[in-house]
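Have a look at the structure below before the remarks.
Numbering (the working numbering), first residue to last: 3 to 556.
What follows is the structure in structure tokens.
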């Protein structure tokens, strides 16, 4: 009897556009990028707008299929990074719910694509591994909120499917180093490169050092990720400001539909712009106004000069170049220089962005590589990473911890070592103990392998079984103090529930006339794909923690 088919599905949930791709584990060279999307008549591409609309009856439209007159919800991805209400959500909904609904529609469409391309024999009892990419700079809380939305949408929440998170720059690096042969052939061990994932909303960067090229590709982060809100859509916003300034009070009379059409026309010019002297002028179609010479509108065309286009681009691109300069500076601290900059993402396809980065990089002898399919490099890399995880390890990435992580503990009180203000007495044993102590297990900027696990032994006394709570703390310092202080944040509360175990599973002890129970257990932490994973082990059996309650957005 043949084993069931295994699919790897990559999803790049972008701020402004999203992408999806998939492949069979048995056919890893055939990665299929989804290019057909539901549409109400708009032209579609390899990526779909990260937009959703709710009708009064709660029905959903999304992506290209949204009626131009509908009220869209955009940029909701950014709301996953904060608990503050930075975006207006439909009544009774939060950003996790909106992200869930969008991912559910995307998931449904992906599965329809797969069902149309493969026979029922292949699809029967098939297994699905979803790889969802996230920004390298995202906090553990943001990753957890994204994971919650994805699970609620149907990704990895069943017996035949799993879900992994992967950083966007790492995904792009995997794709480029596995597919762009003319670049790979020039690389040597110890070369370093910076990956710049320039999207619509954010630009995300990280630097890697190549430790080994074959038979296993080994990469090690030589910096932690950085990024900022300086993606391509900020150029759109600058254009809208300029257009509004030019047409004055008439702007208010232009409908939302026509404003969107004007912006679509500008986006075509934006991607074509390369600051070439032959590009003296650019024309943006304005459906509502035939002639307005004082605003630069003639025959329904809004005129922009090459210099005006440059002034729209440069403030945004200056930020991108500064981010790259920062990464290069951090990564060049050692003896090996930066060999290349990989430019990917939707905004990463911009000719002018490429030329500006190349102009800066050439002074330092750094190559700039812009793959032909830069906009889908992240999602294709997600599939490749998922394939290698299931089909034999050919890619190994050593990552840098973004923060120091530790566990708040209580220790046997030692005079002269602990502060009296931290002293308390165990209600069961009567022993004097020191509260507010920390046992650190990961230091900020420490290289961490996916396979590494950090184990801590704890002893808990109790009179009756309850949900146990342990506090995980964090710090940006690589050498934080071992007692709670102002530079240490309460990161999350780990709740473990072993109440289903009979009392006979615990050690019973007595103190005077009172009896109590003792449990010696381990908390196990790992940073797989730089995502914090926690588990509890008791008497040789591992239990998933009941819940992780984040107290900080760090």
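Note that CB positions come from ideal geometry on N, CA and C, so glycine has one too. Since the model is a prediction, treat every value here as computed from it, not as a measurement.
Check                                                                                                                                 : Outcome
Exposed unless 16 or more other CB atoms sit within 10 angstroms - verdict on residue 404                                             : buried
At least three beta-carbon pairs within less than 8 Å, the stretch 171-179 to the stretch 139-147                                     : no
Interface flag, residue 467 vs chain D, CB-CB below 7 Å                                                                               : The question asks about chain D, but that chain is absent: this structure has only one protein chain.
Sequence-distant residues of its chain with Cβ nearer than 8 Å to residue 362 (five each side left out)                               : 323, 326 and 327
Start and end residues, alpha helix (DSSP H) containing residue 153                                                                   : 142-155
Among 442, 480, 463 and 452, nearest to residue 473 - alpha-carbon criterion                                                          : 442
Beta carbon of residue 390 nearer than 7 Å to that of residue 400                                                                     : no
Cα-Cα separation, residue 120 to residue 126                                                                                          : 10 Å
Close Cβ partners of residue 155 (< 6 Å) along its chain, the five nearest in sequence each way excluded                              : 102, 105, 106 and 109
Member of 546, 312 and 381 whose CA lies at the smallest distance from the CA of residue 353                                          : 312
Beta-carbon proximity of residue 200 to residue 350, cut-off 7 Å                                                                      : yes
Whole-angstrom C-beta distance between residue 208 and residue 138, which should lie under 8 Å                                        : 5 Å
Cβ-based burial, residue 433 [other Cβ within 10 Å; buried from 16]                                                                   : exposed
Length of the line joining the Cα atoms of residue 537 and residue 512                                                                : 30 Å
Reference residue 243; option with closest CA among 265, 223 and 197                                                                  : 265
DSSP-derived helix/strand/coil call for residue 202                                                                                   : coil
Three-pair Cβ contact test at 8 Å for the stretch 229-238 versus the stretch 363-383                                                  : no
Contacts around residue 13, its chain only, beta-carbon distance under 6 Å, and the 5 residues preceding and following it disregarded : 22 and 134
Contact under 7 Å by Cβ, residue 262 with residue 70                                                                                  : yes
The stretch 483-502 / the stretch 444-453 touching (three or more Cβ pairs under 8 Å)                                                 : no
Own chain partners of residue 186 with C-beta closer than 7 Å, once the 5 adjacent residues on each side are dropped                  : 179
Extent of the continuous beta strand (DSSP E) run through residue 103                                                                 : From DSSP, residue 103 is part of no beta strand (DSSP E) but of the alpha helix (DSSP H) over 97-119.
Local conformation of residue 384 per DSSP, three classes                                                                             : helix
DSSP-derived helix/strand/coil call for residue 328                                                                                   : helix
Cβ contact (3+ pairs, closer than 8 Å) linking the stretch 247-257 and the stretch 275-295                                            : yes
Whether residue 342 touches residue 369 by CB criterion (7 Å)                                                                         : yes
Residue 179, DSSP secondary structure in three states                                                                                 : helix
Residue nearest to residue 408 in terms of C-alpha spacing, selected from 165, 458 and 546                                            : 458
Residue 335 versus residue 222: straight-line alpha-carbon distance, rounded                                                          : 15 Å
Terminal residues of the alpha helix (DSSP H) in which residue 364 lies                                                               : 353-364
Cutoff 7 Å; reference residue 97; Cβ partners in own chain excluding five residues on either side                                     : 78, 81, 82, 89 and 91
Close beta carbons around residue 182, own chain, < 8 Å, minus the five adjacent residues each side                                   : 371 and 373
Residue burial classification, residue 402 (beta-carbon count within 10 angstroms, cutoff 16)                                         : buried
Short Cβ contact (7 Å threshold) for residue 100 with residue 388                                                                     : no
Length at least 4, wholly inside the stretch 492-526: the alpha helix (DSSP H) runs in chain order                                    : none
Cutoff 8 Å; reference residue 74; Cβ partners in own chain excluding five residues on either side                                     : 53, 54, 55 and 68
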